[in-house]
């Protein structure tokens with residue numbers, strides 16, 4: 175009998191399985207350490223099947239005040255990635271009944287991943303971001319225990335080369351190892367920068383790295399001449415066999431396990447040269463090295479392995495056809511609405527996020543609601559719905575759009591999304607333009623001493639502003655990074671926007687505030703990093 179009853183854990187059933195409720199405990203399949211039940215043969219394996227009753231209104235999340243959503247956006251981590259396969263859930267559940275030696279487990283998984291993918295070896299990681307970090311450490315220190323323990327302060331090799339086209343927020347996995355990032359933008363510059371200090375080359379797989387002089391294959395050819403390892407970040411890609419990046423000369427390739435493979439959300443996979451893969455695992459938990467925090471449990475590891483096995487069994491053509499049909503269903507529902515157009519975009523050849531999508535466009539001045547307002551209605555609706563790429567705002571950007579991504583949708587979601595969009599676009603409600611402050615624009619020209627009041631701690635910055643009527647430009651001097659401002663002041667209300675040029679992860683700052691003589695106070699929005707209060711005094 176399952177230890178899940180009506181979708182809930184049953185402590186009594188767990189105790190039954192462990193034999194604690196049985197007078198014949200000696201004959202039950204129980205771990206002698208802490209009474210951890212383990213499946214005993216086919217019968218027990220069949221009994222240990224997870225049960226789930228889907229209810230968007232009453233579930234373990236709603237009971238803690240969290241509203242789940244219908245996912246028409248994709249495998250974004252912020253909305254919890256993908257929906258793991260039944261085989262993955264089963265593998266994780268089954269794995270939880272056993273104690274194993276993790277070194278032995280990873281050797282077994284490595285051999286299995288090699289057989290399944292055609293790579294020389296493989297390991298599981300806690301996401302592709304962890305694979306990036308572990309690959310970097312492996313290329314710096316190998317398995318030299320002294321070098322491993324000295325990180326990040328002492329390194330024989332202390333540089334990682336990244337093509338300019340590959341800078342992205344996820345290269346924090348490289349930066350966190352304390353290396354110097356060397357950006358290159360041409361083959362000649364790449365050759366010149368390769369040196370005895372170069373630990374690794376990091377390349378993000380994408381349109382800019384598929385062809386031309388700065389492609390993966392071109393850079394691998396140069397790096398291999400110098401015996402410098404190349405790591406390819408293929409997080410969102412399909413793990414095709416044979417592996418295209420290894421065939422192009424890459425030493426290591428990282429994948430997310432919780433995207434298209436639909437493995438555990440916090441899992442990842444690194445494929446490539448056996449010695450480098452093993453060195454990367456050497457750096458991670460359970461070993462007391464620099465990557466100790468990057469712990470991949472037996473449940474995650476075996477769940478990822480199950481996902482990889484299923485990847486090569488799944489009928490991908492049938493899945494793509496189903497997703498395309500879902501997009502067509504939504505398009506057919508909304509395309510009859512006056513002034514609304516719907517374009518179904520079939521899956522492209524790119525291996526990342528390969529699925530059919532839908533783009534819906536309209537003129538909000540005629541339909542009566544903008545894309546961002548539609549997005550807000552969907553978020554507040556019942557059920558809550560997450561779509562992608564909402565565009566349009568009042569009063570200056572009334573041309574609106576919103577998109578749907580198919581491959582994390584579940585059967586029936588296409589009807590839910592179609593009905594919700596139809597209802598909103600045909601009954602838009604009233605949405606007045608936001609009020610614009612009137613009166614003479616406040617004077618903000620000059621230098622301002624600024625304090626940012628973060629959730630924890632404060633930051634001291636300086637604004638140097640120029641003003642031409644309502645238009646405001648200037649310099650944004652942070653504690654570490656500098657940027658330029660564009661903005662406006664209407665009456666006593668000021669808005670400023672800057673993009674701090676952090677390598678790989680530009681920081682967007684949107685300041686809004688009220689000017690009161692020689693003072694300004696308000697809120698700064700920093701995107702995924704949230705809001706903070708700010709205040710400024712004229713210097």
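In our numbering, the protein residues as written are 175 to 713. Beta carbons are placed, not taken as given, at the ideal position from N, Cα and C, and that holds for glycine.
- For the pair of segments examined, the stretch 303 to 310 was found not to touch the stretch 324 to 331: the number of CB pairs separated by less than 8 Å stays below three.
- Fewer than three Cβ pairs drawn from the stretch 342 to 359 and the stretch 278 to 289 lie within less than 8 Å of each other, which leaves the two stretches out of contact.
- The Cβ atoms of residue 559 and residue 602 lie no closer than 7 Å to each other.
- In the structure shown, the three-state DSSP call for residue 321 is helix.
- No Cβ-Cβ contact shorter than 7 Å links residue 570 with residue 616.
- Around the CB of residue 234, fewer than 16 other CB atoms lie within 10 Å, so the residue is classed as exposed.
- Annotation: the continuous alpha helix (DSSP H) that includes residue 548 extends over 545 to 554.
- Bounds of any beta strand (DSSP E) do not take in residue 308; it lies within the alpha helix (DSSP H) bounded by 301 to 315.
- In the three-state reduction of the DSSP assignment, residue 347 falls in the helix class, which pools H, G and I.
- Ranking 405, 398, 269 and 359 by CA distance to the CA of residue 311 puts 405 first.
- Of the candidates 265, 692 and 557, 557 places its Cα closest to the Cα of residue 246.
- Taking the Cα positions, residue 322 is about 6 Å away from residue 315.
- Taking 7 Å as the cut-off, the Cβ atoms of residue 664 and residue 610 count as close.
- Bounds of any alpha helix (DSSP H) do not take in residue 647; it lies within the beta strand (DSSP E) bounded by 645 to 651.
- Under the rule that a run must span 4 or more residues, the alpha helix (DSSP H) segments found entirely inside the stretch 513 to 597 read 538 to 541 and 545 to 554.
- When DSSP states are grouped into helix, strand and coil, residue 686 belongs to the strand group.
- A distance below 8 Å between beta-carbons, with the five flanking residues on each side excluded, links residue 540 to the following residues of its chain, in chain order: 512 and 513.
- Remark: C-beta atoms of residue 374 and residue 403 approach each other more closely than 7 Å.
- When secondary structure is reduced to three states using DSSP, residue 495 falls in the helix class.
- With a cutoff of 7 Å on beta-carbon distance, residue 504 and residue 588 are scored as near each other.
- The beta carbon of residue 613 is closer than 7 Å to those of 665 in its chain, skipping five residues each way along the sequence.
- Excluding its 5 nearest sequence neighbours in each direction, residue 493 has C-beta neighbours in its own chain below 8 Å: 581, listed in chain order.
- If you look at residue 695, you'll find it in the beta strand (DSSP E) that goes 693 to 699.
- If you check the CB distance, residue 497 and residue 529 come in under 7 Å.
- DSSP links residue 243 through a beta bridge to 558.
- For residue 405, the uninterrupted beta strand (DSSP E) run begins and ends at 404 to 407, by DSSP.
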